[in-house]
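Numbering (this note's numbering), first residue to last: 7 to 244.
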Ligand code: ATP
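Right, dumping it as structure tokens:
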């Protein structure tokens with residue numbers, strides 16, 4: 007069963023028509039990758055889903071409910087969490103304060119908050135050691151971990167993650183690969199935008215390749231991974 011259905015969306019920035027009849031469907035519990043070269047429209051797709059850039063036409067459905075024209079705070083309350091590109095957080099606030107923002111405004115019981123908190127500290131023990139540190143003073147890798155932890159604290163059913171490995175050292179990329187797989191194994195559905203195409207194909211079940219705001223190819227990741235033509239044509243890896 008699909009948890010997210012995006013059907014023929016057209017999204018604009020002012021007069022610029024960015025997404026052209028773009029469609030995708032994400033199975034509940036799966037890890038789905040959305041890939042394509044710079045400027046292909048990946049971030050715009052995530053923004054169209056959460057409602058920070060509503061499509062002009064087409065529909066977005068989450069668990070069967072039409073959320074096409076929702077505002078971001080509404081989609082968040084329904085159970086969609088986004089970890090944006092460049093790990094946006096509050097650099098002046100401490101790690102603990104940033105984490106608290108993750109569940110603020112959500113209808114979550116105290117018990118569930120402590121359960122989620124324990125879970126994120128198990129994924130990222132470093133954060134527990136650094137609760138009082140200002141987020142802005144942490145390394146890029148630690149900030150990425152904090153951004154993911156904060157996203158998980160809203161107790162999402164669907165996690166949208168935009169280029170989490172960008173700018174990270176290879177050892178951290180490996181750690182992140184492991185964490186994303188574990189989050190997925192916990193049953194959280196993930197839609198992952200990733201420039202590291204090898205990693206995206208490796209950890210995802212299904213992948214969508216988009217270019218110039220349009221669908222190009224999609225299929226099981228292990229099949230697409232072997233297709234050199236896709237890499238040459240749409241991913242500029244050749
Ligand atoms: P990247 O990997 O570079 O982030 P992307 O696939 O995520 O690429 P988008 O960020 O969705 O691509 O951008 C798609 C197109 O929309 C690009 O041509 C970009 O220049 C344009 N664009 C993005 N944000 C805006 C904006 N706020 N106003 C106008 N145009 C924008």
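We put the beta carbon where it would ideally sit given N, CA and C, even for glycine.
Membership of residue 124 in the alpha helix (DSSP H) is indicated by the continuous run 116-129. Taking each of 98, 40, 150, 111 in turn and checking the Cα distance to residue 202, the smallest one comes out for 40. Just measuring C-alpha positions, the residue of 221, 232, 184, 192 sitting nearest residue 209 is 184. Per DSSP, residue 196 is one residue of the beta strand (DSSP E) stretching across 195-199. In this structure the stretch 172-180 does not touch the stretch 129-136; the number of beta carbon pairs closer than 8 angstroms is below three. Secondary structure in the stretch 62-107: the beta strand (DSSP E) runs of 3 residues or longer, each lying completely within the stretch, are 63-68, 86-89 in chain order. Burial state of residue 226 is exposed, judged by a 10 Å Cβ sphere holding fewer than 16 other Cβ atoms. Distance from residue 156 to residue 105 at the Cβ level is roughly 6 angstroms; contact confirmed, criterion being Cβ atoms closer than 8 angstroms.
Three or more Cβ pairs closer than 8 angstroms define a contact, and the stretch 71-90 falls short of that threshold against the stretch 27-41. Beta-bridge annotation (DSSP): residue 39 is paired with 198, 213.
In summary, residue 48 is buried, with 16 or more beta-carbon neighbours lying within 10 Å of its beta-carbon over all protein chains present. In the DSSP assignment, residue 161 falls outside any alpha helix (DSSP H) and carries neither an H nor an E.
Residue environment: residue 188 is assigned as exposed (fewer than 16 neighbouring CB atoms within 10 Å of its CB, all protein chains considered). Per DSSP, the unbroken beta strand (DSSP E) holding residue 33 starts and ends at 22-33.
DSSP, reduced to helix, strand and coil, places residue 233 outside both helices and strands of the structure shown, so it counts as coil.
Exclusion of residue 150 from the 8 angstroms shell around ligand 1 follows from its C-beta lying no nearer than that to any non-hydrogen atom of the ligand. Relative to ligand 1, residue 201 has its C-beta within less than 8 angstroms of a heavy atom.
Straight across, the Cα-Cα distance linking residue 154 with residue 170 is about 9 angstroms. A heavy atom of ligand 1 is found nearer than 8 angstroms to the CB of residue 91.
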